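Trainee:
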Amino acid sequence: MRALRLLGLNDLQLCDVAIPDPAAGEVLVKVEACGVCGTDRHLLKGEFPSKPPLTLGHEFSGHVVACGAGVDIPLGTRVACDPNTWCGDCPECRRGRVNLCPNNVATGLGRNGGFAEYCAFPAHKAHVLPADLHPLHGAFSEPLACTIHGLDIGAPKPGERVMILGGGVIGMLALQLAALAGAEVMLVTRQADKQALGKTLGAHHAAATEAEARALWPKGADLTIECAGVVETVEMAPRLTRSGGRVVILGVLAAGQKVQIEPFDLLFREVQFLSSFINPFTQDRAAAMIASGTIKVAPLISRTLPLEQAAEAILNPPRRGEIRALVLPNG
Ligand code: NAP
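Counted the way this note's numbering counts, the sequence shown spans residues 2 to 332.
#1: Grab me the residues of Leu-145's own chain with a C-beta within less than 7 Å of its C-beta, minus the 5 sequence neighbours each way, in chain order.
#2: Is any heavy atom of the ligand NAP found at a distance shorter than 6 Å from the C-beta of Arg-191?
#3: Given 6 Å as the limit, tell me if Ala-204 has its C-beta closer than that to any heavy atom belonging to the ligand NAP.
#4: Rank Arg-6, Ala-107, Leu-55, Pro-131 by C-alpha distance to the C-alpha of Val-65 and give the top, closest one.
#5: Going along the chain, which residues of its own chain have a beta-carbon closer than 6 Å to the beta-carbon of Ser-276, five neighbours each way excluded?
#6: By alpha-carbon positions, which one of Glu-323, Pro-319, Leu-327, Ile-315 ends up nearest to Leu-306?
#7: Looking at the unbroken alpha helix (DSSP H) that takes in Ile-171, where does it start and where does it end?
#8: Unbroken alpha helix (DSSP H) runs of length 4 or more, entirely within the region 262-306: which are they?
#9: Three or more C-beta pairs under 8 Å: does that hold for the region 187-195 against the region 162-172?
#10: Compare the C-alpha of Glu-271 against each of Gly-47, Arg-240, Val-129 and name the closest.
#11: Ala-70: which of Gly-39, Gly-26, Lys-31, Asn-105 sits nearest, CA to CA?
#12: Can you tell me whether Glu-27 is helix, strand or coil according to DSSP?
#13: Measuring CA to CA, which of Ile-149, Cys-147, Ser-62 is closest to Cys-120?
#14: With distances taken between CB atoms, is the gap from Arg-247 to Gly-155 smaller than 7 Å?
#15: Is the distance from the Cβ of Gly-58 to the Cβ of Phe-141 below 7 Å?
Here is the structure:
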């Protein structure tokens with residue numbers, strides 16, 4: 002089968018490899034769609050830890066085509082992969098903080114992932130999707146699960162003002178979740194077409210810059226969710242948040258990267274500065290929200306591409322206006 006493999010820093014290659022045999026406790030899935038995530042670009046540049054050589058792709062769904070020993074998921078079942086496989090035995094897992102497990106081996110980051118025709122992964126990480134779900138929609142389960150965790154941490158209340166910084170897929174999912182929670186939502190993104198899309202998905206306001214956002218909400222947001230993963234937005238987040246408000250950082254900055262935050266300002270205005278990492282126990286809720294149509298994912302699909310074009314899509318920044326490119330390894 003064909004698989005897109007990270008062989009080293011900035012070295013991505015389409016390789017011919019054997020179809021994996023599912024080990025005991027694993028499923029083998031024929032991949033329907035796998036999203037190109039900002040994190041794949043970080044992995045390529047060594048800005049997020051990984052262990053090459055490995056097949057990338059951690060946002061995917063497909064059909065079960067084989068089961069390893071001890072697994073009885075019916076063949077043909079459509080599932081989404083939760084890439085994160087915690088050990089269950091470390092102090093963090095034992096206190097329920099599974100996403101902080103130091104032994105997590107993530108599919109597409111620490112073991113072979115979904116930019117391939119087939120992928121084997123632990124069966125307990127296969128989340129069942131409806132058979133009649135649109136074949137491209139299951140790939141949004143993982144990014145939505147991560148975004149749900151961020152919203153769980155930020156806990157928007159009905160009537161609060163929630164500002165979303167960044168109009169990529171995470172920002173578009175976060176704004177929908179905040180609007181569903183009854184908040185008044187502003188999307189801050191530099192591209193006019195993303196602002197327009199955000200408004201169709203539930204944002205009440207859109208702004209391109211910090212100054213525009215401040216002009217709309219001079220007293221600041223109750224909750225600001227950083228979904229861009231750049232220094233500029235991390236630094237502006239507390240400035241755009243009201244006294245006593247909360248900031249949640251979802252975006253990933255490269256390891257070692259520093260930002261300038263004024264602790265006196267956080268202290269004096271008691272702004273809570275929080276962070277949200279991956280998807281502890283949120284993937285089933287994500288799959289349910291996609292299956293019910295509560296969260297709209299169809300407008301987030303900017304283009305689909307064959308495996309042959311996946312390297313180019315990961316090596317380059319997202320195209321102008323692009324929210325999510327989906328790779329279809331089996332055409
Ligand atoms: P993405 O598609 O690259 O989107 C990032 C967005 O941020 C783009 O719309 C970009 O706008 C916008 N942006 C960049 N600089 C900005 C600025 N100065 N002001 C306003 N908007 C700005 O990325 P994504 O897939 O949505 O992911 C977002 C971040 O979340 C990434 O860093 C990703 O690694 C991270 N992430 C974290 C988790 C977690 O568990 N915490 C999970 C998944 C992803 P332009 O198009 O105008 O450049």
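In this text, a Cβ means the ideal position worked out from N, Cα and C, and glycines have one as well. Note that the structure is a prediction, hence the values are computed from the model and not measured.
Mentor: Put simply:
#1: If we look at Leu-145 and ignore the five residues flanking it on each side, its Cβ neighbours are Leu-174, Ala-287, Met-290, Ile-291, Ile-296.
#2: Yes, since a heavy atom of the ligand NAP falls inside the 6 Å radius drawn around the Cβ of Arg-191.
#3: No, Cβ of Ala-204 sits at least 6 Å from all heavy atoms of the ligand NAP.
#4: Between Val-65 and the set Arg-6, Ala-107, Leu-55, Pro-131, the nearest pair of CA atoms involves Pro-131.
#5: For Ser-276, same chain residues with a beta-carbon under 6 Å away, outside a window of 5 residues either side, are Ile-250 in chain order.
#6: Of Glu-323, Pro-319, Leu-327, Ile-315, the residue nearest in Cα terms is Leu-327.
#7: Taken as a continuous stretch (DSSP letters only), the alpha helix (DSSP H) holding Ile-171 covers 170-181.
#8: Residue ranges of uninterrupted alpha helix (DSSP H) with 4 or more members, entirely inside the region 262-306 and ordered along the chain, are 264-269, 284-293.
#9: In the pairwise beta carbon analysis, the region 187-195 is classified as touching the region 162-172: at least three pairs are separated by under 8 Å.
#10: The closest CA to that of Glu-271, considering only Gly-47, Arg-240, Val-129, is found on Arg-240.
#11: The candidate whose alpha carbon is nearest that of Ala-70 is Gly-26.
#12: If DSSP states are grouped into helix, strand and coil, Glu-27 belongs with the strands.
#13: Out of Ile-149, Cys-147, Ser-62, Ser-62 has the C-alpha closest to the C-alpha of Cys-120.
#14: Their beta carbons are under 7 Å apart, which means Arg-247 touches Gly-155 by this criterion.
#15: No, the pair does not count as a contact, with Cβ atoms beyond the cut-off.
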